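Residue numbers (our numbering): 451 to 597.
Working notes, structure below.
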Amino acid sequence: MTSLLDGEIELDAKDIAGLRKQYEAEQPNPTAESEFHYGWGLVHSRVRRDNELGVVLLAKVAQSTPTLRVEANYFSALGYFKLGDLAKAREFTEKVLKAHPAHPQARAVMAAIDEQVQKDGLVGMAIVGGAVAALGLVVGALARSRK
């Protein structure tokens, strides 16, 4: 991805285990704070499956707990960006910016999303251009062989 994640905290399994322990100790009804902290930790994991669970937990917190909504939406956006789901990352970033238009971290995420979309678009155009050129060579070769 882009440099957005370069300075991000990455938690190791031991740190995440501590957050998981607290979250599981509160089952079947964990507090929103425990759910948020565990989701936050999972988003900051190096493990993709952790990131996937983290964004689910954070989205749940964002819906159910107004006092944590902005932070949960921000970290959901960051998690989706990390997972490469730019559409979801944009959706959650827009929620943050709707509530706080000047939110500097959300603005950075939005800029990184736009940069990645542009980069992906250029790569896609290069692939299509290469395919068209290859097709042209094949058609040209076929046309010459028929003469």
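The beta carbon of each residue, even a glycine, is placed where N, CA and C say it ideally should be.
Only a predicted model underlies this, so the values are computations on that prediction, with no experimental measurement involved.
What are the partner residues of S495, as DSSP defines its beta bridges? By DSSP's assignment, S495 forms a beta bridge with L461.
Suppose contacts are defined by Cβ-Cβ distances below 7 Å. Is L547 in contact with S526 by that definition? no
G529 to A467 span [Cα, whole Å]: 19 Å
Could you name the residues of the same chain whose beta carbon sits closer than 7 Å to that of A463, not counting the 5 residues immediately before and after it, in chain order? none
Inter-residue Cα distance where the pair is M560 and T543: 7 Å
Cα-Cα, which of T517, F486, A562 and P551 is closest to A537? Of T517, F486, A562 and P551, the residue nearest in Cα terms is A562.
CB of S484 within 7 Å of CB of L461, strictly: no
Every unbroken alpha helix (DSSP H) inside the segment 500-561 [4 residues or more]: Note on the segment 500-561: whole alpha helix (DSSP H) runs with a minimum of 4 residues are 519-533 and 536-549, in chain order.
Work out the CA separation of W490 and Q555 for me, nearest whole Å. Their Cα atoms are separated by approximately 15 Å.
Neighbourhood of Q513 by C-beta distance below 6 Å, restricted to the same chain and skipping five residues each side: Around Q513: no qualifying Cβ.
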